[in-house]
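*Asks:* Going letter by letter, the sequence shown gives residues 907 to 1336 in the working numbering.
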Amino acid sequence: MSHIIVLGAGLGGTIMAYEMRDRLRRSDRLTVVTLGTSFAFIPSNPWVAVGWRQRDEVTVDLSDIFKRRGIDLRPEGAKRVHPNQNRLELNDGSFIGYDYLIIATGPDLAFDEVPGLGPDGHTHSICHIDHALATRERFEAFLREPGPIVIGAVQGASCYGPAYEFAFILDTALRRARVRDRVPMTFVTPEPYIGHLGLDGVGDTKGLLESAMRDRHIKWITNAKVTSVEAGTMHVEEVNDDGSTKARQDLPFAFSMMLPAFRGVDAVRGIEGLVNPRGFVTIDKHQRNPAYPNIFSIGVCVAIPPVGKTPLPVGVPKTGFMIESMVTATAQNISALLRGEEPTAVATWNAVCLADFGDEGIAFVAQPQIPPRNVNWSSQGRWVHTAKIGFEKYFLHKVRQGKSETFYEALALDMLGIKKLKAIHNEPAE
907 MSHIIVLGAG LGGTIMAYEM RDRLRRSDRL TVVTLGTSFA FIPSNPWVAV
957 GWRQRDEVTV DLSDIFKRRG IDLRPEGAKR VHPNQNRLEL NDGSFIGYDY
1007 LIIATGPDLA FDEVPGLGPD GHTHSICHID HALATRERFE AFLREPGPIV
1057 IGAVQGASCY GPAYEFAFIL DTALRRARVR DRVPMTFVTP EPYIGHLGLD
1107 GVGDTKGLLE SAMRDRHIKW ITNAKVTSVE AGTMHVEEVN DDGSTKARQD
1157 LPFAFSMMLP AFRGVDAVRG IEGLVNPRGF VTIDKHQRNP AYPNIFSIGV
1207 CVAIPPVGKT PLPVGVPKTG FMIESMVTAT AQNISALLRG EEPTAVATWN
1257 AVCLADFGDE GIAFVAQPQI PPRNVNWSSQ GRWVHTAKIG FEKYFLHKVR
1307 QGKSETFYEA LALDMLGIKK LKAIHNEPAE
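So this is what it looks like as structure tokens:
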């Protein structure tokens, strides 16, 4: 008998547990360690923040589902991984041993790296369901007294899609509330150009997103370093290609949402051989840590080098397709080890993204995610908004049913063929 622990129960960890359970022997034991018992569908947070979704619509209690699937749940959360001892220290002071550990924690949100940033400072967040609900409360007050808005991401962020989504969703919500004409909007990002996305662009994301911002009267500042935030003012330095300061701006705002930089969580940060200096788990092509071969990792907590050199730190996103492929490869490789075989599965690391605007959106496919690519495609239309809603409903249904079947690969094929998704709105295929 072997004991496998999945650390984390987010988008990657929950599906990891389901797929791992399907591949284990009858005698093996599977435990998920997470803080609390609730799964939250993070891609819905921009909708939560403007009141288009309620908490219970995008969250799932995992207790009964895990029990039905034969998965132990430890809701105490992890304090520290002790890889030399093959055990995990929980927040209540207890310890639990493992034969294999799968780290799927997601990131720690480094709001503290910019003075005044974040929910405890002067900007809001959509990175967590609780953050999104607090943002919605502030947004509802903002609608009564509109003013300037600043949206974007700070240096070191590595997931830019939600920032773009939220800017466009806010635009849609403000137009519906008939106050858009009273709200100047500015998008602030460390990306060297709009649509870089940490991927050096995909297809024509630069042209599509710039055009969408012009159409919606959203100004932007790229190569932007946020130095500090105080009540009602964001201090920004725009840098040249060599990193030197080009200009300084003090941006007034009545409402702001800025994505923070990511880093590894406390439970693993600083463990030599396990993580890089930023705290992200280092892995080989089989999702396996080189120093501790019984530890695997998936999702946002994995270390991936940036795509090319940029004046400011711009991280690489871990999109759903990439995470899904990491999950499958990890489950196959641990299953092989349990059978006395060597791991051979390698994740595809492709990218599929649906960026919703609240009424339409932009989709892109990058195969592989890191250039040069075999597929480098992007498109815009109302069908993207419909597809994003469908994805939300499908994924939440999958979590509630305790199923692990893949989704993104089929979606990618549909988007590249276009016909099925565009047929929803009777739009002509391209």
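Virtual Cβ for every residue (Gly too), placed ideally from N, Cα, C.
Please confirm whether D962 and T943 have their CB atoms less than 9 angstroms apart.
*Replies:* No.
*Asks:* If you pair each beta-carbon of the region 1018-1035 with each one of the region 1208-1227, do three or more pairs fall below 8 angstroms?
*Replies:* Not touching, per the Cβ criterion.
*Asks:* I need the boundaries of the alpha helix (DSSP H) containing Y924, first residue and last residue.
*Replies:* It spans L917 to R929 - the alpha helix (DSSP H) in which Y924 sits, taken as one unbroken run.
*Asks:* When DSSP labels each residue in this structure, what does H1303 get in the three-state scheme?
*Replies:* If DSSP states are grouped into helix, strand and coil, H1303 belongs with the helices.
*Asks:* Give the secondary structure of F1001 by DSSP, where H, G and I count as helix, E and B as strand, and everything else as coil.
*Replies:* In this structure, F1001 counts as strand in the three-state DSSP scheme.
*Asks:* According to DSSP, is A1310 helix, strand or coil?
*Replies:* Note that residue 1310 is Ser in the sequence shown here, rather than Ala. DSSP places S1310 in coil when its eight states are reduced to three.
*Asks:* Which term fits Y1070, buried or exposed, when burial requires 16 or more other beta carbons within 10 angstroms of its beta carbon?
*Replies:* Buried: at least 16 other Cβ atoms inside 10 Å.
*Asks:* Return the bridge partner residues of E982 from the DSSP annotation.
*Replies:* According to DSSP, E982 bridges with L941.
*Asks:* Once DSSP output is grouped into helix, strand and coil, what is the label at V1233?
*Replies:* Reduced to three states, the DSSP call for V1233 is helix.
*Asks:* Which parts of the region 1055-1117 are runs of the beta strand (DSSP E), unbroken and 3 residues or longer, counting only runs that do not cross its ends?
*Replies:* Counting only runs of 3 or more, we get 1055-1059 and 1091-1094.
*Asks:* What is the DSSP secondary structure of P1334, reduced to helix, strand or coil?
*Replies:* Any answer about P1334 is weak, because its pLDDT of 38 lies below 50 and its placement is not dependable; what the coordinates show is given next. In the structure shown, P1334 sits in coil (DSSP, three-state: anything other than H, G, I, E or B).
*Asks:* Would you list, in sequence order, the uninterrupted alpha helix (DSSP H) runs of no fewer than 4 residues that lie entirely inside the region 1199-1270?
*Replies:* Runs found: 1226-1244.
*Asks:* Answer with buried or exposed for T1250, where buried requires no fewer than 16 other C-beta atoms within 10 angstroms of its C-beta.
*Replies:* Looking at its Cβ environment, which holds fewer than 16 other Cβ atoms inside 10 Å, T1250 is exposed.
*Asks:* Kindly indicate which three-state DSSP category L1021 falls into: helix, strand or coil?
*Replies:* It is worth fixing the name first, because residue 1021 is Pro in this sequence and not Leu. Looking at P1021 - three-state DSSP - the assignment turns out to be coil, as it is neither helix nor strand.
*Asks:* What did DSSP end up calling D1014 once you bin it into helix, strand or coil?
*Replies:* Three-state result, D1014: strand.
*Asks:* Leaving out five residues before and five after R1044 in sequence, what residues of the same chain have Cβ atoms less than 8 angstroms from its Cβ?
*Replies:* Excluding sequence neighbours, R1044 sits near H1030 and F1161.
*Asks:* Would you mind sorting K973 into buried or exposed? The rule is 16 or more other CB atoms within 10 Å of its CB.
*Replies:* K973 is exposed by the Cβ-count criterion.
*Asks:* Cβ atoms of R1184 and A1169: under 9 angstroms apart, would you say?
*Replies:* The displayed chain sequence assigns Arg, not Ala, to residue 1169. Yes, the pair counts as a contact, with Cβ atoms nearer than the cut-off.
*Asks:* Looking only at its chain, what residues have a beta carbon closer than 7 angstroms to the beta carbon of D1190, apart from the 5 residues adjacent to it on each side?
*Replies:* For D1190, where only same-chain residues beyond five positions count, the Cβ hits under 7 angstroms are P1196.
*Asks:* Whole angstroms is fine: what's the gap from I921's alpha carbon to T1236's?
*Replies:* If you take the alpha carbons of I921 and T1236, they lie about 12 angstroms apart.
*Asks:* Would you decide whether F1311 is buried or exposed? Buried here means 16 or more other CB atoms lie within 10 Å of its CB.
*Replies:* The sequence shown places Glu at residue 1311, rather than the Phe named in the question. E1311 should be labelled exposed.
*Asks:* Starting from F1168, follow its DSSP beta bridges and name the residues at the other end.
*Replies:* F1168 pairs with L1015.
*Asks:* Quick check: what's the CA-CA separation for H1291 versus M1119?
*Replies:* Cα-Cα distance, rounded: 17 angstroms.
*Asks:* Tell me where the beta strand (DSSP E) around W1283 begins and ends.
*Replies:* That run of the beta strand (DSSP E) goes V1281 to G1287.
*Asks:* Buried or exposed for H1331, please, with buried defined as at least 16 other CB atoms from any protein chain shown within 10 angstroms of its CB.
*Replies:* Any reading at H1331 is ruled out, since the residue's pLDDT is 38, under 50, leaving its predicted position unreliable.
*Asks:* Expressed to the nearest angstrom, what Euclidean distance is found between the alpha-carbon atoms of L979 and Q1275?
*Replies:* So the two alpha carbons sit approximately 33 angstroms from each other.
*Asks:* Under three-state DSSP, which class holds H1123?
*Replies:* DSSP places H1123 in coil when its eight states are reduced to three.
*Asks:* Should R1088 be labelled buried (16 or more other beta-carbon atoms within 10 Å of its own) or exposed?
*Replies:* The residue is exposed, with fewer than 16 neighbouring Cβ atoms inside 10 Å.
*Asks:* From the DSSP output, in three-state form, read off F1161 for me.
*Replies:* Correct three-state label for F1161: strand.
*Asks:* Under DSSP, the alpha helix (DSSP H) around L1039 begins and ends at which residues?
*Replies:* Per DSSP, L1039 belongs to the alpha helix (DSSP H) from I1035 to R1050.
*Asks:* Is the region 1012-1027 touching the region 1130-1142, taking contact as three or more C-beta pairs under 8 angstroms?
*Replies:* A contact exists between the region 1012-1027 and the region 1130-1142.
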